[in-house]
Structures are given as structure tokens and as C-alpha cells.
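Add 35 to a position in the sequence shown, counting from 1, and you land on the number used in this note's numbering.
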Amino acid sequence: MSGSQSSLRGANRALVVETVKRYGGLTQVELTAATGLSPATVSSIVKELLAAGAVDTRSTIRSGRRAQLVTIARRTGLAAGVDVGRRHLRVALADVTREIVAEQSLPLPAEHRADTTLDRAALLVVDLLERLGASLDDLLGLGVGLPAPVEPGTGLVTVRGVLRGWDEVPVVHVLAKRLAKPVLVDNEANLGALAESRFGAARGYQDVVYVSVGAGTGAGIVLSGHLHRGFGGTAGEIGHVQVDPQGRICRCGSRGCLDTVVGYPALVEPLTETHGALTIRDVVQRAVEGDPGCRQVVADAGAVIGGVVAGMAMVVNPQCIVVGGELAQTGDVLVQPMREAIARRVPLNQVATLDVVPGELGVRASVLGALAMALEATDQAAVGGAPDIADHSDTPAGGGS
Ligand SMILES: [Zn+2]
């Protein structure tokens, strides 16, 4: 079979699975109508999916006649999402219907170490499984988000020094060894972008920029519905765009990066004289409560970040910019100055306006994206595992419809 026939076959198979999911259960006649595929194609795809264990069939009656009802195979199984932040660890479990069944977060010390944090993450996954009366046998796979650019295959941080103590730690191998399950790793802003575009504020949009503003700032880019990681996995690393040529030296070695101006220490420092020692959570809470000093600090950060995001918006031309991360919990205190900075710099498009909106998934965006990544990988394993046996146009229909 040629490559294009093979990819058409794969697309048709995905279409059948998506359609069955959308309706819960359909007969093959109904599947033919709902997908627009020929009865012969539907029949052979259902056979393949049945052989691969991706769907089940059972007898039913439709319009007084016997028919085979096709449903998604009830794979009992769970996926885990792990979000490692600079100061937090968040773990969630979901079943294959994407329902969250357990979730917990813990604070982490500043400059936490890779070995102890990954240990805690693995223990927390096992602990949450046990609380559900499940075990590691029920875990299908694991998605992990890190606050740094990573190489997805190994989970290695691709820019030295950005996440202190994590250089040369192959997160995929460390966790796969501990839990003996498939592990996927990505940058937290990429996962936030994935989550907001799948089931958050950017649902239904094809071209999206997601900006995560917390202890550091990063962005995730979705182009034509797919995450754009870039050649080296550093697409969207806007925390290291220079905004102050005379500024402080950054963790990455450059001077005056965005993170040195709006990152955690820079954000709380101007408040120490008036407010004492604050955490980023204190700043967010007080800004929400109306404290003028904390609102000023967050708004100034929004204006600076907006200037950088405007440059990105001109290059990428997204339909929508979603703002997430811890600081986005202040809503328009952060987002309105960003919106204004972007509007000042990006020429107004008469045809397609650019929305700048707060995320809908809050600080959970990254862990939900990690879960989506893990579940989509297990879906593909189930769907892609079906044998690619025949061309769709000349397969005999056989029985079973
Ligand atoms: Zn930097």
C-alpha cells in the first residue's frame, strides 16, 4: 500500500473511532451515514478495530432488524498527569473517558532537586492509585510537564541552567524505570496550550498562543491544531527574550531576559519595603483583594509581557491568545495591560480580530495537558495498533453489518 493510501486509511480509522465516541454506540449502517464512508470501508475498519481491541460489538435491534452495535472497548485503565513547577508538584489521574478521578498538589522548595522531586512524583502517583483501590497494573501511561524546554523523547532539559539541578536528567528514563510505564515529557507551557486548545478557552481554535505567567514566563504555540515545539524544543521560550539590555544576568546566561524583569524574585522585590516578604501566591491573592501595590506590580508585568507577546503574535498570527499560569488568577489585573500592549503593537486586522483572554483551566492547565498527552498516546496505540491490511476501495464487505 502506498504512503498516501496508508495515511488515508489511518484518517478513516480515526474518523470511525471519533464518531463512535461522539455518539456512544452506532450500528455499522449508522456509522456509514455519520462518517460518509462506504459500507465496505466501515465494515473492514470495524473488523480491524475489533481485532485491535479498540472497539466492541454486540447484537441489538434497529427498526425491527438485528444489527451489530459498535461501541468503544471499555479499556479499564488510568493515565497520570504530573506537573512539576518551580514551587509546586501537581499530580492527577484520569480514566480513559478523560474523567479526572484523583488529584493532589504539594508545594516544592525553591531549587528543588530532580531526584527527590521525581521520587515524590512517582510515590504520589502510586499513592493516588492506591486511594482509588487501583494499582500500577491499571496505569496505562504518564504525561509530565516541566518548567523548561525539553526534548520529548528523553525528557532532557535542552537549555542548560534554566532548571537548576535538572541538567542531564533523562526524566523519561528515570520515571519509566520507577513505574515501568510509558512516559512522555513536555514543557509546561506547551501542555497548557494543548489543554486550553483541547478543552479550555481556545476550544475549537486552530492557531493559538498560550502564555503561562508564573514564577517564570513561557508560551506554547498551537498551529493548525498541533503543538509547535520547534526543531530543538525551544519554541515559545519567551522568558528568555531580552527586554532590558542593561538588566540583570539571567539563569540562562543572557542579560535582561523577560524572566529577570517579571519572574518571581523581580515581582516580589519592589514590594518588600511596603509589604514585607511575600510569596507569589500572596501577591496574587492581595491583587485580587484590591491591594493597590500588588495590583501595580502585576499590571506592570502584564504590560512588559504584552510587549513580547505582541512580537510573537505578529509572527504567528494566532486566532486567540490565552493567558494562564499563577499570575493569570488575577484576571484582568494582568490580562488588560497585556491586551493593551498587544493592541498598541499589532496592527488592527479588519478581517480577523485577535482575542486576548484568560485561560479557563487556571493553574491546572499544565497537569490537564499532561493527562491529555498521555491519553492521546494510549488512544493512538490502540487505534494505530490495528493492522493496516487493505485498501479501502476494494475490500469485500463481508458480514457483520
Ligand atoms: Zn534568560
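Beta carbons: idealized from backbone N, C-alpha and C, even for Gly.
(1) So which residues touch the region around ligand 1, with touch meaning a C-beta under 5 Å from any heavy atom?
(2) So the alpha helix (DSSP H) residue 195 belongs to, where does it begin and stop?
(3) From the DSSP output, in three-state form, read off residue 75 for me.
(4) Would you grab the beta carbon distance between residue 294 and residue 251 for me? Rounded to a whole angstrom, and I think it's under 8 Å.
(5) According to DSSP, residue 213 sits in a beta bridge with which residue or residues?
(6) Among 391, 342 and 413, which has the Cα closest to the Cα of residue 380?
(7) Would you tell me roughly how many angstroms separate the C-alpha atoms of residue 309 and residue 131, rounded to the nearest one?
(8) List the residues that DSSP assigns as beta-bridge partners of residue 327.
(9) How long is the line joining the alpha carbons of residue 312 and residue 299, rounded to whole angstroms?
(10) Hey, is the segment 396-403 in contact with the segment 224-243, meaning 3+ C-beta pairs nearer than 8 Å?
(11) Flag this pair as yes or no: are the beta carbons of residue 185 and residue 360 separated by less than 9 Å?
(12) DSSP on residue 232, reduced to helix/strand/coil?
(13) Quick check: what's the CA-CA separation for residue 253 versus residue 222?
(14) Please classify residue 82: is it buried, with 16 or more other beta-carbons within 10 angstroms of its beta-carbon, or exposed?
(15) For the 8 Å Cβ check, are there 3 or more pairs between the segment 110-127 and the segment 135-154?
(16) Taking buried to mean at least 16 other C-beta atoms within 10 Å of its own C-beta, is residue 286 buried or exposed?
(17) Look up residue 91 in the DSSP assignment and say whether it is helix, strand or coil.
(18) In this structure, does DSSP put residue 50 in helix, strand or coil?
(19) Is the Cβ-Cβ distance between residue 220 and residue 176 less than 9 Å?
(20) Name the DSSP beta bridge partners of residue 371, please?
(21) Measure the alpha-carbon distance for residue 166 versus residue 160 and round it to whole angstroms.
(22) Give, in chain order, every unbroken run of the alpha helix (DSSP H) that is at least 4 residues long and sits entirely within the segment 281-361.
(23) Where do the ends of the alpha helix (DSSP H) carrying residue 63 lie?
(24) Using the Cα positions of residue 430 and residue 44, report the straight-line distance between them to the nearest angstrom.
(25) Tell me, please, whether the segment 200-219 touches the segment 145-163 by the rule of three or more beta-carbon pairs shorter than 8 Å.
(26) What does residue 178 pair with, by DSSP beta-bridge criteria?
(27) In chain order, what residues of the same chain lie with their CB nearer than 8 Å to the CB of residue 291, ignoring the 5 residues before and after it?
(28) Who are the Cβ neighbours of residue 393 in its own chain at under 6 Å, not counting the five residues just before and after it?
(29) Determine, using beta carbons only, whether residue 103 and residue 62 come nearer to each other than 9 Å.
(30) What is the DSSP secondary structure of residue 156, reduced to helix, strand or coil?
(31) Assign residue 255 to one of two classes, buried (16 or more other C-beta atoms within 10 Å of its C-beta) or exposed (fewer than that).
According to the data block:
(1) 275, 285, 287, 289 and 292
(2) Segment: none, residue 195 is in no alpha helix (DSSP H) and carries neither H nor E.
(3) DSSP, read as helix, strand or coil, puts residue 75 in helix.
(4) About 5 Å; that satisfies the 8 Å criterion.
(5) DSSP, once it has assigned bridges, lists no residue as partnering residue 213.
(6) 342
(7) 50 Å
(8) The partner list for residue 327 (beta bridge, DSSP) is empty, contrary to what the question assumes.
(9) 12 Å
(10) yes
(11) For residue 185 and residue 360, no; Cβs fall outside 9 Å.
(12) helix
(13) 9 Å
(14) buried
(15) yes
(16) Burial check for residue 286: the Cβ neighbour count within 10 Å reaches 16 or more, so the residue is buried.
(17) strand
(18) helix
(19) no
(20) For residue 371, which the question treats as bridged, DSSP gives no partner whatsoever.
(21) 10 Å
(22) 293-297, 299-303, 307-310, 315-324 and 327-351
(23) 63-70
(24) Note that residue 430 scores 35 on pLDDT, short of 50, meaning its location in the model is unreliable; the coordinates nonetheless yield the value given after this. Those two C-alpha atoms are separated by around 12 Å.
(25) yes
(26) 116 and 219
(27) 277, 278, 279, 280, 281, 282, 283 and 285
(28) 358, 363, 366 and 370
(29) yes
(30) In this structure, residue 156 counts as helix in the three-state DSSP scheme.
(31) buried
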